[in-house]
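Heads up, the thing below is written out as structure tokens.
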Amino acid sequence: MNKELHITHSLSSRGTLKEALKKRSINADVIAVCSMFEYAPIPHDFKETSLRYRSLKIEEITGFDKSEYCDGINWFINFDFSSYEKIVIWHGNSVDERLSLYLSCRLINRNLYSANIMMLKDKFSHLSHNPFVLPMDCCSPENMLSVYDRISLIGEEQKLACCDLWNRWSKSEASLRVINRDDDIVEVGVDYFDSYILNNCTNEFHDGAMVMGKTLCDTNFMTEDGFLNKRFMELIKQGKLIAEQRDLSNYKREIPQVDPEDFINNVNISSFALYKVKLA
Numbered sequence: 001m002n003k004e005l006h007i008t009h010s011l012s013s014r015g016t017l018k019e020a021l022k023k024r025s026i027n028a029d030v031i032a033v034c035s036m037f038e039y040a041p042i043p044h045d046f047k048e049t050s051l052r053y054r055s056l057k058i059e060e061i062t063g064f065d066k067s068e069y070c071d072g073i074n075w076f077i078n079f080d081f082s083s084y085e086k087i088v089i090w091h092g093n094s095v096d097e098r099l100s101l102y103l104s105c106r107l108i109n110r111n112l113y114s115a116n117i118m119m120l121k122d123k124f125s126h127l128s129h130n131p132f133v134l135p136m137d138c139c140s141p142e143n144m145l146s147v148y149d150r151i152s153l154i155g156e157e158q159k160l161a162c163c164d165l166w167n168r169w170s171k172s173e174a175s176l177r178v179i180n181r182d183d184d185i186v187e188v189g190v191d192y193f194d195s196y197i198l199n200n201c202t203n204e205f206h207d208g209a210m211v212m213g214k215t216l217c218d219t220n221f222m223t224e225d226g227f228l229n230k231r232f233m234e235l236i237k238q239g240k241l242i243a244e245q246r247d248l249s250n251y252k253r254e255i256p257q258v259d260p261e262d263f264i265n266n267v268n269i270s271s272f273a274l275y276k277v278k279l280a
């Protein structure tokens, strides 16, 4: 029992961390919780029926098939942690990463270590929004190695506090959770980011991708483009935005088959990359 185990919240952060550890020739395994805890009700238990219900709600809220997140959490809660000498939880202060930390403290009855990327805050002055949210996905391998050198033991009192926070949030029935200006997790409606989208639109058509990029920056990446894409579609269907088909003659990707309801005035609104948009 001499190998380290590192736990991240997403497949992308897992990949970057594996690259970082490889640079140092560190013998370690890296796994990802893949939970998307910012969306949908959080199960108060770990029964398969509860996890399946959560997956269906994620799909309903985001518009994408998220069944793998049920399987991912199910795999995580049944993972054998006993063969590792040192278990490290990587986290920033996003909703997903905080709740993944709380869940890990609740599940793993072992000494745990924290790799908190918020110690890198000064390196990201361009993310100076309030609230300041620094997701692990923003970090390079070099950033992660800097954090690795400052990994610290999670004390028993802190671990118990994390368990209490998990017990609290596992009762949440909200569709969406965000970080507020007091750096707290709060429950909000699914339309929370709509005002950000509308503020980035004008009376002239602009590429949906440009509006999406500006909205992600303005919200400090508290959500993902997949969720915002669903909100674009809802705003168009509500008549608050008008969409116009882009010239797709040079579009490199295959355009997937979509439901008839995803065509508005003969415009395919299934993806923000396919159209231009303006205020109604």
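Using the numbering used here, the first residue of the sequence shown is number 1, and each one after it goes up by one. Glycine included, every Cβ here is placed at the ideal spot set by N, Cα and C. Please read these numbers as outputs of a predicted model, since none were measured by experiment.
Asked                                                                                           : Found
Cβ neighbour criterion (16 or more within 10 Å) applied to T62                                  : buried
Closest by C-alpha distance to V190, when choosing among D29, I58, I269 and D259                : I58
Of the residues K47, S10, L56 and T49, the one placed nearest S35, counting alpha carbons only  : S10
Three-way DSSP call (helix, strand, coil) for V258 in this model                                : coil
Residue interval of the beta strand (DSSP E) (run including R177)                               : L176 to I179
Host alpha helix (DSSP H) of E19 (start-end)                                                    : L11 to K23
Alpha-carbon to alpha-carbon, I197 and K210                                                     : The displayed chain sequence assigns Met, not Lys, to residue 210. About 11 Å.
The stretch 261-278 contacting the stretch 236-246, beta-carbon criterion three pairs below 8 Å : yes
CB of Y275 within 8 Å of CB of R246, strictly                                                   : yes
Check whether N93 and V133 have beta carbons under 8 Å apart                                    : yes
Alpha-carbon to alpha-carbon, E142 and R106                                                     : 30 Å
CA-to-CA distance, N167 to R177, given in whole angstroms                                       : 16 Å
Backbone CA spacing between D225 and I108 [nearest angstrom]                                    : 32 Å
The stretch 12-32 in contact with the stretch 144-154 per 3-pair CB rule at 8 Å                 : yes
Cross-strand partners of A115 (DSSP beta bridge)                                                : W90
Sub-8 Å separation of N111 and H91 beta-carbons                                                 : no
Span of the beta strand (DSSP E) around K276                                                    : Y275 to L279
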